[in-house]
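Enquirer: Please see the structure below; I have some questions.
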Amino acid sequence: MPEKNVTLSLKGCVRGAMMCVPVFPGIIALGAVFGTVAAQKGLTFLETLMINSLVFAGASQFVAMEVYDDPLTWGTLVAMVGVTGAVNMRMLLIGASLRPWLGKVPAYKTYPALYLLTDLNWLLALSEYGKGERDWGIYLGSGLIVWSVWSLSVIPGYFAGSLISDPKAFGLDVVLPAFFAALLVPLWKGRRQTVSWLAAGVVAALTWYLVGGYWSIFTGALAGAFAGAYLDD
Numbered sequence: 000m001p002e003k004n005v006t007l008s009l010k011g012c013v014r015g016a017m018m019c020v021p022v023f024p025g026i027i028a029l030g031a032v033f034g035t036v037a038a039q040k041g042l043t044f045l046e047t048l049m050i051n052s053l054v055f056a057g058a059s060q061f062v063a064m065e066v067y068d069d070p071l072t073w074g075t076l077v078a079m080v081g082v083t084g085a086v087n088m089r090m091l092l093i094g095a096s097l098r099p100w101l102g103k104v105p106a107y108k109t110y111p112a113l114y115l116l117t118d119l120n121w122l123l124a125l126s127e128y129g130k131g132e133r134d135w136g137i138y139l140g141s142g143l144i145v146w147s148v149w150s151l152s153v154i155p156g157y158f159a160g161s162l163i164s165d166p167k168a169f170g171l172d173v174v175l176p177a178f179f180a181a182l183l184v185p186l187w188k189g190r191r192q193t194v195s196w197l198a199a200g201v202v203a204a205l206t207w208y209l210v211g212g213y214w215s216i217f218t219g220a221l222a223g224a225f226a227g228a229y230l231d232d
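In numbering that gives the first Met the number 0, the protein residues as written are 0 to 232.
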């Protein structure tokens, strides 16, 4: 069967956006908590909106806020950039895995679209690509809606974050992990995935136990990538 041509349509964008609806509660809760943290750190409302929307990096934003101190010094700024880069190092691997699809899209479209890359729309896009989908509106639409919801959710968090300062109290902390787990099932294709996923999980768990922090994201991603690359089918 010949390979389908890569396309981009409004229908694909809408479909990608709608696929993210089930995880809105988790996104909104995390965004609201970040708004609360930023307010407690003394950031203005405009600064909070800018760091949340421009950095758009989820977990690394919380890590950066742990380092942040007022007044901001060059040393603190370098530390914030460093921890943000370390936590998001996995995006190198995630972005590379989308090349079979987005690599066929003109560069002037691909590179701006990669700003919207998150774990969520990456997993959605990869799952749909594996099913034969070639409308990259799935990726673009899901990325745009996640960015929009994330950017807006910081507003109630900044002004009334105490109402949802602990997402665990409402069980919202399990929404995103459960969604990811459900999306991983169709991606499993046999021994290669089993061993590489196990390697990633074991290394990530050991790193989290021995080192703590967010290094487990990076080490787990590398371990899974190496296991998948050097394991014969």
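Idealized CB from N, CA, C, for every residue including glycine.
Tell me the DSSP bridge mates of Asp-134?
Expert: Thr-6, per the DSSP bridge assignment.
Enquirer: Whole angstroms is fine: what's the gap from Thr-117's alpha carbon to Val-20's?
Expert: Roughly 15 Å separates the two Cα atoms.
Enquirer: Assign Tyr-107 to one of two classes, buried (16 or more other C-beta atoms within 10 Å of its C-beta) or exposed (fewer than that).
Expert: By the 10 Å Cβ count, Tyr-107 comes out exposed.
Enquirer: Please report the residue range of the alpha helix (DSSP H) in which Thr-75 lies.
Expert: Residues 73 to 86.
Enquirer: Can you round the beta-carbon distance between Ser-195 and Gly-223 to whole angstroms, since I take them to be within the 8 Å contact cut?
Expert: About 5 Å separates the two Cβ atoms, so the contact holds.
Enquirer: How would you call Val-80, buried or exposed, if buried means at least 16 neighbouring beta carbons within 10 angstroms?
Expert: Label assigned to Val-80: exposed.
Enquirer: Need the endpoints of the alpha helix (DSSP H) that Pro-237 sits in, please.
Expert: For residue 237 there is no data in the structure shown, the boundaries of the chain being 0 and 232.
Enquirer: CB-CB under 8 Å to Asn-51, same chain, minus the five flanking residues each way: which ones, in chain order?
Expert: So the qualifying residues of the chain are Gly-30, Phe-33, Gly-34, Ala-37, Gln-60, Trp-149, Ser-150 and Val-153.
Enquirer: Can you tell me whether Tyr-208 is buried or exposed? The criterion is at least 16 other CB atoms within 10 Å of its CB, across all chains shown.
Expert: Tyr-208 is exposed by the Cβ-count criterion.
Enquirer: Exposed or buried, what is Asp-134 when buried is set at 16 or more other beta-carbons lying within 10 Å of its beta-carbon?
Expert: Buried, since its Cβ has 16 or more Cβ neighbours within 10 Å.
Enquirer: Which word fits Tyr-229, buried or exposed, when buried means at least 16 other C-beta atoms lie within 10 angstroms of its C-beta?
Expert: Flag for Tyr-229 reads exposed.
Enquirer: Taking the alpha helix (DSSP H) that Ser-126 belongs to, which residues open and close that run?
Expert: Ser-126 -> alpha helix (DSSP H) spans 118 to 129.
Enquirer: I'd like to check one pair, Ala-16 with Ile-216: are the Cβ atoms closer than 8 Å?
Expert: Cβ distance not < 8 Å, so Ile-216 and Ala-16 don't count as in contact.
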